[in-house]
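The numbering of the sequence shown is my numbering, which starts it at 1 and goes up by one.
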Amino acid sequence: MKKNTQIIICGDICPTKDTVHFFETANTKGLFNNVLPILQNTDVLVGNLEFALTNTCTKINKTGPILKGTTNFINLFTKGGFTALGLANNHIKDCGASSVKNTLETCKKNNIATVGAGKNEVEAKKPLIIEQNGWKIGIMAFAEHEFNAAYSNEAGANLFDVYEDFEAITVFRKQVDYLIVLYHGGIEYYKYPSPLLQKKCRKMIDSGADFVSCQHSHVIGTEEVYNGGTILYGQGNTVFGYKENNSDWNQGLLVTIQLGKSNTISYVPIKATPLGIVTLTEVEKEHLFEEVMKRKQEILQEGFIKNSWNVFCESKKALYLPHLFGLGRILNKLNRKLGNKLIDTLYSKKQKQITQNLLRCESHYEVIETILKKNK
């Protein structure tokens, strides 16, 4: 017999300079403050572990920061009452395939379930079933392709495959009572879904998911209720350090799912402070939900998502194109100061079109990826 059951889903969790001491000492009270009772008084607690648990880090050749922590950091999660950790993200493999294995083994030894990564591609794709109070709760976790992939003989994260995973969602949904999808993707700091992200997440709902949470963006986005399911485009951070005068980075949402006669979804807004994580004040909460509701209404407007995305991409042109053409840090900075004129001067329209075609054509992309992998 099913009993009323509560699930809480945390967003991205990673130790930073200002919070690492909490992880080292498993100081859950110091880190979570008045948020801790909320986490510990739920039936199922899930979070995204956006770093590897390993005592030896062989840093991989990649762009971006290396995120890691020692295996004893797991004690913070056991004391916090975590049931499961999602590992499908862009940092789980920062210290190499061996660190993914270390993370999996550490979680298993401490009776915390994992989903979204594995010792190989087959294991990484295995979904998770949590049985609680008569409910079979299904969780699937996917990541976009960066430096994180699991392969046939190499540990890593579960990449989303548009040719197979929509069907996998449909098949898995038949085995559970409620299905949650954690999708680690989208564009950082963008509060709306891109046209492709919306299309993909809607297809997940059409395929059988009840709730989809898009993590990775580091900011709170908006919600869409679609075809009987709910999509959260941007959950924000749970633990990722405090940044002064940056409320977008500091704020996040805890997703609360109540399973019962009628399943409901609500959100607990939290924020990072110099003294750890706390809940928002009533005034802050009211202001945040007004912004989220505004965005929720905006994405319903005809053409809004496409137009907003076009404006956003145009604003990032001087940042993205130098990376694409390999100008390097100094010329990249110069190009931004010149408003992208350096790129326009150095590269012809035809050259840009060739690059565009190499990126948008699946076959060309596969050839390029193969060549770069062999010559990395």
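Cβ atoms here follow ideal geometry from the backbone N, Cα and C, with glycine treated the same way.
- Rounded to the nearest angstrom, the Cβ distance from G81 to Q132 is 13 Å, too far for a contact under 8 Å.
- Selection D43, A88, G118 evaluated against S213 yields A88 as nearest (Cα-Cα).
- Rounded to whole angstroms, the gap between the alpha carbons of G208 and V176 is 10 Å.
- For E146, no beta strand (DSSP E) run applies, since DSSP gives it neither H nor E.
- At least 9 Å separates the beta-carbon of N55 from that of A117.
- Between the segment 106–117 and the segment 16–27, the count of C-beta pairs closer than 8 Å stays below three; the two stretches do not touch.
- Checking the DSSP bridge columns, you'll see K68 partnered with A52.
- Distance from the CA atom of K316 to the CA atom of N61, rounded to whole angstroms, is 25 Å.
- P127 carries a coil assignment under DSSP once its states are collapsed to helix, strand and coil.
- Cβ-Cβ separation between F142 and I112: approximately 20 Å, too far for a contact (criterion under 8 Å).
- About 17 Å separates the beta carbon of I13 from that of T256, a gap too long to meet the 8 Å contact definition.
- If the five residues before and after Y242 are omitted, its C-beta is found closer than 7 Å to the C-beta atoms of D18, N250, A272, T273, P274, all from its own chain and listed in chain order.
- The straight-line gap separating the alpha-carbon atoms of S247 and K126 is approximately 36 Å.
- According to DSSP, residue pairing for V268 in a beta bridge involves L254.
- In the structure shown, G185 falls within a coil segment according to DSSP collapsed to helix, strand and coil.
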